[in-house]
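Novice: Okay, handing you the structure first.
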Amino acid sequence: MNFQELNKKGMRMYIDLDKYGLSSFTLKIIAVVTMLIDHIAMAFLAQGSSLYMVMRSIGRLSFPIYCFLLVEGFYHTENKKKHLYMLLLFSIISEVPYDMIHGHFISLSGQSVMVTLLLGYVMIWILYSISMFRIRYPKILLKVFSFGTLNWITQLIAVFGAMGLAYILKVTYSYTGILLIFFFYTFREYHIGKAIGNMVFNMGFYSLGIQWLGSLSVIPIAFYNGKRGKYKWKWFFYLFYPVHLFVLAVIKIVVY
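Under my numbering, the first residue of the sequence shown is numbered 362, with each subsequent residue one higher.
Rendered as C-alpha cells:
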C-alpha cells in the first residue's frame with residue numbers, strides 16, 4: 362500500500378466518492394441525529410443504564426463531525442465574517458437552553474459546544490491569515506526574529522490562546538475540542554493525518570470509555586466527497602441546536 366498516495370487521496374483510491382461519497386449535508390444530518398440521540402439520553406435516562414450508555418456512545422460521533430465541517434465550512438464560505446457572526450449569535454442564543462437542560466436557567470459553570478466552535482473558528486481564521494499574508498510586526502521584533510519565526514510564534518500564541526480561553530470559559534470538550542479543530546485544519550489535505558488526529562482526541566485525552574467510540578467518526582469523514590449536497594437547510598442546522606435543547610429542557614421540567 363502506498364501510504365503517501367492514501368494520505369493524499371483517501372477513499373478515492375478505492376471508490377468513486379462523487380457517486381458513493383457523503384456530502385456536507387449528509388454529514389450534518391448524521392451529526393444532528395447522533396447529537397439528538399445523545400441529548401435525549403442525557404436528559405431522560407438514568408446514568409449508567411444500558412440504554413443510556415448505548416445512546417451516549419452513539420452521540421460521541423457528533424462532535425468530531427461538527428469540528429470537521431467547521432473547518433470545511435471555513436474554506437468554502439464566501440463570507441467568513443458573516444459565518445463568524447452567525448457562530449457568535451447562536452453561541453449567545455444557545456446559552457440559556459444549554460443551561461436549562463443542565464438544570465439551571467443561567468449558569469457560568471459551563472458553556473455550550475457553540476462556544477467551542479466559535480473559539481475554534483477564530484483560531485483557524487488567525488492561522489489562515491498568518492499563512493496567507495505577512496503580518497506587520499514591529500521593527501524591533503524583526504531585528505531579533507525573521508518573518509517565518511515570528512509567524513510561527515504568532516500561530517502558537519493563537520492555538521494556545523484559544524485552548525486557554527476554552528479551558529477558562531469551561532466550554533464543552535474544553536481545550537481538547539480546540540485541539541481537534543486544530544488537527545482538522547492542519548491535516549485538511551492529509552487523510553491519514555486527519556484520522557490520527559481524530560483518534561488522538563477521542564482516545565488520547567480520555568480514559569477507556571464511551572468517548573473512545575468517537576473515533577468511529579473517521580469513517581463518515583473519510584467518505585466526504587467535498588460537495589455541499591442537494592439541499593442546504595442553512596437555518597435549520599443553526600436553529601436546531603438551541604431549539605432542540607430548549608424543547609428537551611421544557612419536556613424534562615414538565616415530566617419531572
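Positions of the beta carbon are idealized from the N, C-alpha and C atoms, including for glycine. The structure displayed is predicted, hence computed values, not measured ones.
Ignoring anything shorter than 4 residues, give me the alpha helix (DSSP H) runs that lie fully in the stretch 537 to 592, in order along the chain.
Specialist: 552 to 560, 579 to 583
Novice: Straight-line CA distance for R549 to K555?
Specialist: 7 Å
Novice: Check each candidate in T387, W513, T438 and name the one with the smallest Cα separation from Y585.
Specialist: In terms of Cα proximity to Y585, the closest of T387, W513, T438 is T387.
Novice: So, do the stretch 470 to 480 and the stretch 517 to 537 have three or more beta carbon pairs nearer to each other than 8 Å?
Specialist: Counting Cβ pairs under 8 Å, three or more are found: they touch.
Novice: Rounded to a whole number of angstroms, what is the C-alpha to C-alpha distance between L609 and I518?
Specialist: Straight-line Cα distance between these residues: approximately 39 Å.
Novice: Which residues bound the alpha helix (DSSP H) around R421?
Specialist: Where R421 is concerned, there is no enclosing alpha helix (DSSP H), because DSSP gives it neither an H nor an E.
Novice: Taking buried to mean at least 16 other C-beta atoms within 10 Å of its own C-beta, is K389 buried or exposed?
Specialist: buried
Novice: Quick one: what does DSSP say L406 is sitting in, helix, strand or coil?
Specialist: Coil at L406, not helix or strand.
Novice: Exposed or buried, what is L450 when buried is set at 16 or more other beta-carbons lying within 10 Å of its beta-carbon?
Specialist: exposed
Novice: For the stretch 450 to 499, which segments carrying the alpha helix (DSSP H) assignment without a break, of at least 4 residues, lie completely within its bounds, in sequence order?
Specialist: 474 to 493
Novice: Does the stretch 592 to 610 come into contact with the stretch 394 to 405, if we say contact requires no fewer than three beta-carbon pairs (one atom in each stretch) closer than 8 Å?
Specialist: yes
Novice: Between A404 and Y427, how many whole angstroms is the CB-CB distance? I'm expecting something under 8 Å.
Specialist: A404 to Y427, Cβ: 19 Å. No contact.
Novice: To the nearest whole angstrom, what separates the beta carbons of F435 and I485, a pair I think is in contact under 8 Å?
Specialist: Between I485 and F435 the Cβ distance is about 6 Å, and since that is below 8 Å, they are a contact.
Novice: If you follow the alpha helix (DSSP H) that E366 is in, where does it begin and where does it stop?
Specialist: 364 to 370
Novice: Rounded to a whole number of angstroms, what is the C-alpha to C-alpha distance between L574 and F545?
Specialist: Spanning the two alpha carbons is a distance of roughly 18 Å.
Novice: May I ask which residues mark the beginning and end of the alpha helix (DSSP H) holding W594?
Specialist: Per DSSP, W594 belongs to no alpha helix (DSSP H) and is neither H nor E.
Novice: Alpha helix (DSSP H) containing Y381: first to last residue?
Specialist: 378 to 381
Novice: Sort L383, L479, K591, Q365 by Cα distance to F543 and report the nearest one.
Specialist: L479
Novice: Quick check: what's the CA-CA separation for T477 versus Y534?
Specialist: 8 Å
Novice: How many angstroms separate the CA atom of V394 from the CA atom of L422?
Specialist: Their backbone Cα atoms lie some 10 Å apart in a straight line.
Novice: Name the residue from Y592, I553, G409, K588 whose alpha carbon lies nearest to the alpha carbon of V579.
Specialist: I553
Novice: Can you tell which of S385, E366, G464, N440 has its C-alpha closest to the C-alpha of W612?
Specialist: The sequence given here places Ile at residue 612; Trp does not occur at that position. With distances taken between Cα atoms, I612 lies closest to G464.
Novice: Measuring CB to CB, does S385 end up less than 8 Å from L448?
Specialist: Their beta carbons are not under 8 Å apart, which means S385 does not touch L448 by this criterion.
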